[in-house]
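Residue numbers (the working numbering): 19 to 196.
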Ligand code: ADP
């Protein structure tokens, strides 16, 4: 299952699966501020990519909410892992702003490193508790704006969604945002 839209010359893809298997130049990790590893998609990326990723994360040391840092992708097929920190959902007005910043700063870092294809998980919608319907709208709007802010930078931006609920929520949001 997959859904696609063109945004200028960039293909935006929604699919269901495991992001550690994504065949894109950059994989985005839903990290925590301490870059200390964790469960969910973070655990899966470190397990599949090996200890080099954590070693580089430790050397960087910290990433504020809404920002992004870059490391090796270790044994993954990707060239780089971009670690970004979404907000813990508390229903505050700044939650959508911080979530949008996490997506936009990840794309800015990919563009700066000339990475032409980027895979995202659904940031903040697991342990961080962001309701997935709301998060999907914020994510797709932020990614559209991020693609438009870097003309020609990306061939593909790919959301790799884990499970039917997340995939369905992003498909509904895609119809609303574009
Ligand atoms: P956060 O702490 O930002 O909420 P989580 O990793 O707990 O991050 O969850 C973010 C999303 O990633 C959830 O929708 C979760 O189902 C999903 N997820 C977990 N493992 C994977 C994986 N291997 N590939 C893609 N998405 C995943």
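Even glycine gets a Cβ: it sits at the ideal position worked out from N, Cα and C.
In this structure, DSSP gives residue 115 a helical state, which the three-state scheme calls helix.
With a cut-off of 7 Å, the C-beta of residue 83 is classified as distant from the ligand ADP, since no heavy atom of the ligand falls inside that distance. Taking all protein chains in view, the Cβ of residue 167 is surrounded by fewer than 16 other Cβ atoms within 10 Å, so the residue is classified as exposed.
With fewer than 16 other beta carbons inside 10 angstroms of its own, residue 51 counts as exposed. In the structure shown, residue 24 adopts extended strand secondary structure according to DSSP, grouped into three states. Residue side-chain check: residue 69 keeps its Cβ at 7 Å or more from all non-hydrogen atoms of the ligand ADP. For residue 99, the enclosing beta strand (DSSP E) stretches over residues 98-102. Closest option to residue 69, judged by alpha-carbon separation, among 86, 191, 94, 192: 94. Take residue 172, set aside five residues on each side of it, and the residues of its chain with a beta-carbon closer than 8 Å to its own are 28, 125, 128, 129, 134, 135, 136, 165, in chain order. With a threshold of 16 other beta carbon atoms within 10 Å, residue 78 falls short and is exposed.
Secondary structure in the stretch 39-106: the alpha helix (DSSP H) runs of 4 residues or longer, each lying completely within the stretch, are 58-67, 69-78 in chain order.
For residue 139, the number of other beta carbons within 10 angstroms of its own is at least 16, and it is reported as buried. Contact between the stretch 25-40 and the stretch 177-185 is established, with three or more Cβ pairs separated by less than 8 Å.
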